[in-house]
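*Asks:* Chains as they are written, first to last, in my numbering: chain Y, 689 to 1110; chain D, 539 to 1019.
Where is the CB? At the ideal position from N, CA and C, for every residue including glycine.
These figures come from a predicted structure and were not determined experimentally.
Mind looking over this structure? Questions follow.
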Amino acid sequence: MTGLLGHELRLLLRQRIAVPTLVLVLFLSAAAVWAGMAEVARQHDIIARIKPQQVEDVNAVRSWASKDGDAGNAAYYTFHATWDAPSPLAFAALGQRDVAPFVLRVRALALESQINEGENYNAEMALPGRFDWAFVLTYLAPLFLIVLLHDLKSGEREAGRLDFLRVSAINERGLWARRIGLRVGLIAGGLILPLIVGGVLSGAAAADLLLLSAMVLLYLLFWTGLCLLLSRRGMGSVANAASLAGSWLTLTLILPALALLAVNGAFPVRQGVELTLAQREAVHSGWDKPKAQTMEAFFRHHPEWRGTKPVEGGFHWKWYFAFQHLGDLSVADQVRAYRHGLEARDLWTERLAFVLPAIGTQYLAHRIARTDLTAQLAYQDRIRAFHKRLRSFYYPYIFNDVPFGEDDFGRAPLWLEDAEGR
Amino acid sequence: MTTVRLVADNEWRLMRRSRVAQLALLILIALSVIATLTSIAHRDANDDLRARFQAQADQEFDGQPARHPHRMVHYGHFVFRPLPALAAFDPGVDAFTGSTIFLEGHRQNSANFGDVRQSSLLARFGQLTPAFVLQVLAPLVLVFIGFGVVAREREAGTIRLLSAHGVTAQSLIFGKALALGRVAGLMLAPAVAALLWLTFLEGAPIVAALGLGLFYAVYLAAWVLIIVIASSLARQARTALMVLLGLWATTVILIPRVAPDVALAFAPVPTRLETDIAIQRDLRRIGDSHNPDDPHFAAFKARVLKQYGVDRVEDLPVNYRGLLALEGEKLTSRLFDDYAERQFAAERKQGAIVAAFGLVSPAIALRNFSMALSGSDLDGHRRFLKQAEAYRFDIVQRLNRLQAEAVTFGDDSNRNKDPDAGRRVRIDPKHWHDVPDFAYRGATISEKLESALTGAALLLVWLVMAGFGVRIAIRRLEAAL
């Protein structure tokens, strides 16, 4: 058996187009893994870089705000850093991490006006999409497969060898299976090998790598099936190649673009802007409402502070932080609706992933790499939880009128590397 | 000339008889029509929505009750970036850049709620727009229809027959190119209709629309020539197809993705978070308003007192707190401009690097040209950011001036202790009406043409290079005949 396979391999490598194709697959896949790892290293660098800068920034606030020990000043002026470290497999599918922030600072003020902040990125660079392993797999791998498979039978027929092959082969099915398996296997190897190397270097879980490798095989099998199906119609190599390339165009470019139109059309998400506008109105109307009314509303959500000293005079941080939080609460329904809209978009993408193989590989790769919309929303959830911890940290100082000393700055909650950082 | 026409007509008849060619062309035109209709509807709806949000924000700002002016500084304002009419043809980076910014005192917020961030990863497959259809899909369909135009005649041996009938290599190639050019013309038709629609019904600038029509034609013409060249140089139709598919995949799909990686590595841009921290650091160095002994603000105070000829801030005819706010905003705003300029410079450098890749990928050259003329390129977004920042500075300083002039220092200092002072610092809300509304000024046609220049030049280079290629192909075909 190995003898036969070795023979087929020698035959394949003698073809003019085979060696360059296979080398190119390996090269592009390796280059994409390398580029992805460089990008992930850059993201890790940024996260490491911001930590000392953040300490310096907090120290600057501490140096003046600790003098009179007003906890309100500390809570108002101190920013707290959060970050979303790339997962070990992020290099394979960089996803939405270039258009959404993976580092964000928040204060204990109303959160809804902070959580949707964007990142400084060059939109023209993001427009064509990133060059990563998932791209090589989804878009380029089928093309290479088509190059190797489109003339499998028709090429032999055109060379006048088909009948001879049929007669001389002991097992005709076995012959084609060997030829196809060899080609698919070599391309799969070219794709999987760099992934495994990158994955091991990045400390990815073996199970995830296995899952991605299985996905590669499935995706290639789909395209192999399509190649065989089309070539059964007995057309020439040229017609095979053209119709396969046409299928590729339809499956990887046209249908996903139509799917985007349909999904985004079905689930508009204008609530994002609406809730931002509404939240500002709610927060700022706090300045004009009677303080007792604001405090009463706040105590309904936070009864634990009801017994504290009542707010007097024109201004008190208690009252200020109370109406900040009430501003967030007033748009809770819209926040939920916005979130549902985003989740519906993602859910329908997942459903389409079962139907369209190109979306399937992209969806699964980005899910495993945790670089998709779901991952972005999960990061926002962690920011929300962190913001809650921040408020719970500052509230006792503010509501019990406890002076906020120099040491207290060091007691503020920190973004947890393991639990929140990824 | 008549032989050229004859060859073209003959090829044209052949194409019309080919089911595959017809189907491919039909699908492309259908897609182009769908893209045009949905893209125009999408642009109109988005532009309407933004206009509505802008009107709401303006109304809410004007409708604020009597307040301390500094409260209005923090109440802030929202501005929305309108969509140019031609964004329906090529939305460019619109989906990637946020369309609204919250403007407030001493802070610079990001533009938020871009479509892509609010979409699943489907958005990264590309949007179906007239520009996408022509830039990406049309060349491939031309390849399918045209890879065999000359190679097929060669394989079948009919080329000698043609030669015997007096068809020269030149008229053969020109004729085939003309036939394929007609196909390209059909592909262009829906886009031209879209441009006419946008020009006459939606007020798109006519020069920009003309430029777009012209250079999309140049792009497709270059592809037509490249296809005919490959088809005549290749010994077999299959080789021509493989070469052309490879060329298309490399120049349209691969290079546009690799180029940004190169650009980003050469000109990195710091994150917002780092920029924020850096601005705060610089600000402390220039003048720390929280430090009572800060030299900058001490000097400022001395200067103000001297200017008004008084000894104490209490004796000033204006509210010193308002003056401080004016000075503080001036410092922060200067830093915002500084850092923004630095970022814009880095982005321009990245853009220039990618634009240089237009030499190896006509798709990049066309994309840049198309976004620039459509007013949907990054330059357009930068224009919005700059104008929003200028507007932010203007309204904040108007409000700070109101604090200086319409609120007394005594009231301002006692507003939290003395309820009467607290009432007096809330000034008449008619002042909010006096603050002008944001009016975005899009790029003028000459500005658009200027930023489209590089792309246009590169496309012409491609066309000329293709022309030379045709000469080589003719000579090689002559030798073969």
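Quick check: residue 1038 (chain Y) and residue 1026 (chain Y), are their CB atoms within less than 8 Å of each other?
*Replies:* Taking 8 Å as the Cβ cut-off, residue 1038 (chain Y) and residue 1026 (chain Y) do not qualify as a contacting pair.
*Asks:* In chain D, which residues lie with their C-beta within 7 Å of the C-beta of residue 871 (chain Y)?
*Replies:* Residues of chain D passing the Cβ test: none, with the nearest at roughly 16 Å.
*Asks:* Any beta carbon from chain Y within less than 8 Å of residue 620 (chain D)'s own beta carbon?
*Replies:* Judged by the 8 Å Cβ criterion, residue 620 (chain D) is not in contact with chain Y.
*Asks:* Out of D:655, D:645, D:866, which has the shortest C-alpha to C-alpha gap to residue 1065 (chain Y)?
*Replies:* Nearest of D:655, D:645, D:866 to residue 1065 (chain Y), Cα basis: D:655.
*Asks:* Report the neighbours of residue 1001 (chain Y) on chain D: residues whose CB is nearer than 7 Å to its CB, in chain order.
*Replies:* Going along chain D in sequence order, the residues near residue 1001 (chain Y) (Cβ under 7 Å) are 954, 955.
*Asks:* Whole angstroms is fine: what's the gap from residue 983 (chain D)'s alpha carbon to residue 747 (chain D)'s?
*Replies:* Rounded to whole angstroms, residue 983 (chain D) to residue 747 (chain D) spans 11 Å at the Cα level.
*Asks:* Once you ignore the five residues that flank residue 778 (chain D) on each side, which residues in its own chain have a CB closer than 6 Å to its CB?
*Replies:* Excluding residues within five positions, the ones whose Cβ falls inside 6 Å are 685, 689, 768, 769, 772.
*Asks:* With DSSP as the reference, label residue 770 (chain Y) as helix, strand or coil.
*Replies:* Strand at residue 770 (chain Y).
*Asks:* Using 8 Å as the threshold, is the region 619-637 of chain D in touch with the region 800-817 of chain Y, meaning 3 or more CB pairs across them?
*Replies:* Touching, yes.
*Asks:* Within the 8 Å Cβ cut-off, does residue 1050 (chain Y) reach chain D?
*Replies:* Answer yes: the Cβ-Cβ gap between residue 1050 (chain Y) and chain D drops below 8 Å somewhere.
*Asks:* In chain order, which continuous runs of the alpha helix (DSSP H) of length 4 or greater are located wholly inside the region 911-967 of chain Y?
*Replies:* Runs found: 925-937, 943-954.
*Asks:* Taking residue 602 (chain D) as the reference, which of Y:973, Y:1008, Y:1088 has the closest Cα?
*Replies:* Residue 602 (chain D) has its Cα closest to that of Y:973, out of Y:973, Y:1008, Y:1088.
*Asks:* Please determine, among D:659, D:706, D:613, D:1011, the residue with the shortest C-alpha to C-alpha distance to residue 544 (chain D).
*Replies:* Minimum Cα distance to residue 544 (chain D) is reached at D:706.
*Asks:* How about residue 716 (chain D) and residue 700 (chain D): are their beta carbons less than 8 Å apart?
*Replies:* Against a cut-off of 8 Å, the Cβ pair of residue 700 (chain D) and residue 716 (chain D) comes out as no contact.
*Asks:* Whose CA, out of D:820, D:553, D:952, lies closest to the CA of residue 834 (chain D)?
*Replies:* Ranking D:820, D:553, D:952 by Cα distance to residue 834 (chain D) puts D:820 first.
*Asks:* Output, in sequence order along the chain, the residues in the region 982-998 of chain D whose CB is closer than 9 Å to any CB in chain B.
*Replies:* The chain inventory of the structure shown lacks chain B, comprising the protein chains Y and D.
*Asks:* Only counting the same chain, and skipping five residues up and downstream in sequence, which positions put a Cβ closer than 6 Å to that of residue 802 (chain Y)?
*Replies:* Closer than 6 Å at Cβ, skipping near neighbours: 794.
*Asks:* Name, please, each residue of chain D whose Cβ falls closer than 7 Å to the Cβ of residue 775 (chain Y).
*Replies:* Chain D residues near residue 775 (chain Y): none, gap ~15 Å exceeds 7 Å.
*Asks:* For residue 540 (chain D), count neighbouring Cβ atoms within 10 angstroms of its own Cβ and tell me buried if that reaches 16, exposed if not.
*Replies:* Burial call: exposed.
*Asks:* May I ask whether a heavy atom of the ligand MN can be found less than 7 Å away from the beta carbon of residue 998 (chain Y)?
*Replies:* Inclusion of the ligand MN in the displayed structure is not the case, the ligand content being empty and no account of it being possible.
*Asks:* Is there a Cβ of chain D sitting closer than 8 Å to that of residue 944 (chain Y), yes or no?
*Replies:* Closer than 8 Å to some Cβ of chain D, the Cβ of residue 944 (chain Y) qualifies, so yes.
*Asks:* With 8 Å set as the bound, which would you pick, yes or no: does the beta-carbon of residue 766 (chain Y) sit closer than that to a beta-carbon of chain D?
*Replies:* False, the Cβ-Cβ gap to chain D never drops below 8 Å.
*Asks:* Can you round the beta-carbon distance between residue 725 (chain D) and residue 758 (chain D) to whole angstroms, since I take them to be within the 8 Å contact cut?
*Replies:* Right, their Cβ atoms sit about 7 Å apart.
*Asks:* With DSSP as the reference, identify every bridge partner of residue 649 (chain D), one or two as the case may be.
*Replies:* Bridge partners of residue 649 (chain D): D:639.
*Asks:* Please confirm if the region 917-930 of chain Y is in contact with the region 643-654 of chain D, defined as three or more CB-CB distances below 8 Å between the two stretches.
*Replies:* No, because fewer than three Cβ pairs between the region 917-930 of chain Y and the region 643-654 of chain D fall closer than 8 Å, the two stretches do not touch.
*Asks:* Checking 8 Å against the spacing of the C-beta atoms, do residue 992 (chain D) and residue 893 (chain D) come in under that value?
*Replies:* A contact, by the Cβ cut-off of 8 Å.
*Asks:* Classify residue 712 (chain D): buried if its beta carbon has 16 or more other beta carbons within 10 angstroms, exposed otherwise.
*Replies:* When all chains shown are included, residue 712 (chain D) counts as buried.
*Asks:* Pull out every residue of the region 757-776 of chain D whose Cβ sits closer than 8 Å to any Cβ of chain Y, in chain order.
*Replies:* Residues passing the 8 Å Cβ filter: 775, 776.
*Asks:* Listing by chain order, which chain D residues have their CB less than 8 Å from the CB of residue 807 (chain Y)?
*Replies:* Within 8 Å Cβ-Cβ: 648, 809, 810.
*Asks:* When burial is assigned at 16 or more other CB atoms within 10 Å of the CB, is residue 981 (chain Y) buried or exposed?
*Replies:* Result: exposed.
*Asks:* If you draw a straight line from the alpha carbon of residue 577 (chain D) to that of residue 666 (chain D), how long is it in whole angstroms?
*Replies:* Distance between the alpha carbons of residue 577 (chain D) and residue 666 (chain D): 8 Å.
*Asks:* Report the option in Y:722, Y:975, Y:1089, Y:958 whose CA atom is closest to the CA atom of residue 888 (chain Y).
*Replies:* It is Y:722 whose Cα lies nearest to the Cα of residue 888 (chain Y).
*Asks:* Can you give me the start and stop residues for the alpha helix (DSSP H) that residue 732 (chain Y) sits inside?
*Replies:* First-last of the alpha helix (DSSP H) with residue 732 (chain Y): 706-756.
*Asks:* Just how far apart, CA to CA, sit residue 598 (chain D) and residue 1040 (chain Y)?
*Replies:* One C-alpha to the other measures close to 42 Å.
*Asks:* Please confirm whether residue 1009 (chain D) has its beta-carbon closer than 8 Å to some beta-carbon of chain Y.
*Replies:* Judged by the 8 Å Cβ criterion, residue 1009 (chain D) is not in contact with chain Y.
*Asks:* Along the region 719-743 of chain Y, where does the CB come closer than 9 Å to a CB of chain D? Name the residues.
*Replies:* Those residues of the region 719-743 of chain Y that come within reach of chain D (Cβ to Cβ, closer than 9 Å) are 719, 723, 726, 727, 730, 734, 737, 738, 741, 742.
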